[in-house]
Amino acid sequence: MTPYQIISEHGPEEYNVYEISTYKRSSVLAGQTRKQFLDSFKSYDDAAEAYPEAEPGYCNPNNTVAHLPGLDDQFPGGAWPDDIGDPYDY
2 MTPYQIISEH
12 GPEEYNVYEI
22 STYKRSSVLA
32 GQTRKQFLDS
42 FKSYDDAAEA
52 YPEAEPGYCN
62 PNNTVAHLPG
72 LDDQFPGGAW
82 PDDIGDPYDY
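Per this note's numbering, residue 2 is the first one in the sequence shown, and the count goes up by one each step.
Right, here's the structure in full:
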């Protein structure tokens, strides 16, 4: 994905600028959509002036970590051995 910038209305008189790209291979979110906050402005015009290539838009990355091992997975990939009980009981 080629990175691009968007301007999103965040509330009354607040416009945020984000860069949308893809997480790199070194991240646990590798290949998923990355939404990075760049700046905030009180008006759309101010945001557009500071970031002329940004377009109005909205992005909800909907990232997931479901591909990672869970707490009840066996070693070596899991965080706990299965016979330890509930790790939140401590």
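C-beta atoms are modelled at their ideal positions from N, C-alpha and C, and glycine is treated no differently.
Backbone secondary structure at E50 - three-state DSSP:
Collapsing the DSSP output to three states places E50 in a helix.
Sequence-distant residues of its chain with Cβ nearer than 8 Å to H11 (five each side left out): Apart from sequence neighbours up to five positions away, the residues of its chain that approach H11 with a beta-carbon distance below 8 Å are N17, S41, ordered along the chain.
| To the nearest angstrom, how far is it from the Cα of I21 to the Cα of L69? | The straight-line gap from Cα to Cα measures roughly 23 Å.
Query raised in the report: Which whole-angstrom value is the C-beta distance of I7 and Y45, which I expect to be below 8 Å?
Result: A Cβ-Cβ separation of about 12 Å leaves I7 out of contact with Y45 under the 8 Å criterion.
Using 8 Å for Cβ pairs, my map puts E15 next to K43. What's the rounded Cβ distance? About 7 Å separates the CB atoms of E15 and K43; that is less than 8 Å, so the two are in contact.
(Q) Considering Cα atoms alone, identify which of A48, T3, T65 is closest to P57. (A) The closest CA to that of P57, considering only A48, T3, T65, is found on A48.
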